[in-house]
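J.: Reading the sequence shown from the start, the letters are residues 1 to 299 in UniProt numbering.
The C-beta atom is built at its ideal place from N, Cα and C for all residues, glycine as well.
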Amino acid sequence: MRISDYTLRNLRTFCAMVEHGGPSGAQAVLGASLSAISIHLKDLELSLGFTLCQRGRSGFALTDKGEAVYREAKRMLGGIEQCEANLGTLRKVRTGHLRIGIVDSEADNPDLPIHRAIRRFFGREHEVRLTLEIGTTQALSKALQTGEVHVAIGPFPNRQPNVEYTPVYTEEHGLYCGRLHPLYARAEGAVTLEELSLCPITARPYLQRSELAALHDPNVAASVSNMEAQAILIRSGRFLGFLPLHFANTWVRRGEMRQITGLGLEWLSQFHIALRVQPEPLEIARLFAADLADELARA
1 MRISDYTLRN
11 LRTFCAMVEH
21 GGPSGAQAVL
31 GASLSAISIH
41 LKDLELSLGF
51 TLCQRGRSGF
61 ALTDKGEAVY
71 REAKRMLGGI
81 EQCEANLGTL
91 RKVRTGHLRI
101 GIVDSEADNP
111 DLPIHRAIRR
121 FFGREHEVRL
131 TLEIGTTQAL
141 SKALQTGEVH
151 VAIGPFPNRQ
161 PNVEYTPVYT
171 EEHGLYCGRL
181 HPLYARAEGA
191 VTLEELSLCP
201 ITARPYLQRS
211 ELAALHDPNV
221 AASVSNMEAQ
231 AILIRSGRFL
241 GFLPLHFANT
251 WVRRGEMRQI
261 TGLGLEWLSQ
271 FHIALRVQPE
281 PLEIARLFAA
291 DLADELARA
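Next up, the structure:
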């Protein structure tokens, strides 16, 4: 088949659908209507002569040929991005599409100046387009592997092959209870580890080993994928849970939760700047990673 501009558009739509679980997930990323996304996919299937995915009540699933097309499309689109960047280098103008991924709930973190790194990066002459994604460490790790994200910032406790991790910052976590929890009214230092072992606790599976290391036989009764969900369960008064101190401060100031101290339960989460090794990262991705490292060093 001939690769036209329309084909490239349709392939980008198809890749977005694959990476975001179907048309609805791709809608926000593409800024397109569901009808337009459906037309792009139908046009692509017509030009190829076969079905790429099954969609309906059972959900969104790729056919075998759809999986093969996705792999080829990612390879080709990645090559186009690299070509754009190389041509920009020849013109001595930075160009391309920079995709940055940040772990959730870091916007209010005074010690992680991502906004300053973005300001610094875009203070240069450029023709760079930016996409900023917020997600869990699992989602960001997957996005790095597929090329959906070029630079990711987060804790990444489970290392992935073909990814370069640069440690840049540590984030302190503490154990919290909500105002409606029986331990909330207890005096500072009056709570024992034995009491904590009887209380239901909520944990993030990807950080469970670190979060619960200091607790004896914890009663893990709930799991969450992000810190917003963790805060909701803690505020219910039914669960204890760990949160970064900067993130919990909003509810602590309101009197809606408190940290349980005096038991040595605090722990540090190591943050990294993560870049995929192969194919070689875009020059603009390396430059942004360097800008962020510099801003952290100045913080």
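Please report how far the alpha carbon of I284 lies from the alpha carbon of L193, in whole angstroms.
T.: Cα to Cα, the separation comes out at about 49 Å.
J.: E81: which of A32, V149, Y169 sits nearest, CA to CA?
T.: When each option's Cα is compared against that of E81, the closest is V149.
J.: Tell me, please, which residues DSSP counts as bridged to M257.
T.: Its beta-bridge partners are G178.
J.: List, from N- to C-terminal side, the alpha helix (DSSP H) runs of 4 residues or more that fit wholly inside the segment 40 to 118.
T.: Segments of the alpha helix (DSSP H) lying fully in the segment 40 to 118: 64 to 90.
J.: Could you give the DSSP three-state label for Q138: helix, strand or coil?
T.: In this structure, Q138 counts as helix in the three-state DSSP scheme.
J.: For I273, which residues of its own chain have a beta-carbon under 7 Å away from its beta-carbon, when the five flanking residues on both sides are left out?
T.: Closer than 7 Å at Cβ, skipping near neighbours: V151, I153, T166, V168, A289, L292, A293.
J.: State whether the segment 139 to 149 contacts the segment 246 to 258, with contact taken as three or more CB pairs (one from each stretch) at a distance under 8 Å.
T.: With the cut-off at 8 Å, the segment 139 to 149 and the segment 246 to 258 do not touch.
J.: Go through its chain and collect everything with a Cβ distance to A73's Cβ below 7 Å, but skip five positions before and after it.
T.: Hits under 7 Å: L11, F14, C15.
J.: When you compare only the Cα positions, how much space is there between S35 and H97?
T.: Looking at the two C-alpha atoms, the distance is approximately 26 Å.
J.: Check the C-beta distance from P113 over to L296 and give it rounded, since I have them as a contact under 8 Å.
T.: Rounded, the Cβ-Cβ distance is 7 Å, consistent with contact.
J.: Within 10 angstroms of the Cβ of T131, are there 16 or more other Cβ atoms? Answer buried if so, exposed if not.
T.: Its Cβ having fewer than 16 others within 10 Å, T131 is exposed.
J.: Just to confirm my understanding: we take Q270, look at its own chain, exclude 5 residues before and 5 after, and list those with CB closer than 7 Å. What are they?
T.: If we look at Q270 and ignore the five residues flanking it on each side, its Cβ neighbours are P155, P167, T170.
J.: Considering Cα atoms alone, identify which of L207, H216, E19 is closest to P200.
T.: Checking every option, the nearest Cα to that of P200 belongs to H216.
J.: Could you check what DSSP says for N219 in three-state terms: helix, strand or coil?
T.: In this structure, N219 counts as strand in the three-state DSSP scheme.
J.: Give the secondary structure of P155 by DSSP, where H, G and I count as helix, E and B as strand, and everything else as coil.
T.: In the structure shown, P155 sits in coil (DSSP, three-state: anything other than H, G, I, E or B).
J.: Tell me whether residue 318 is buried or exposed, calling it buried when 16 or more other Cβ atoms sit within 10 Å of its Cβ.
T.: Because the chain in this structure spans residues 1 to 299, residue 318 falls outside the shown range and cannot be described.
J.: Roughly how many angstroms separate the alpha carbons of V224 and A61, rounded to a whole number?
T.: One C-alpha to the other measures close to 25 Å.
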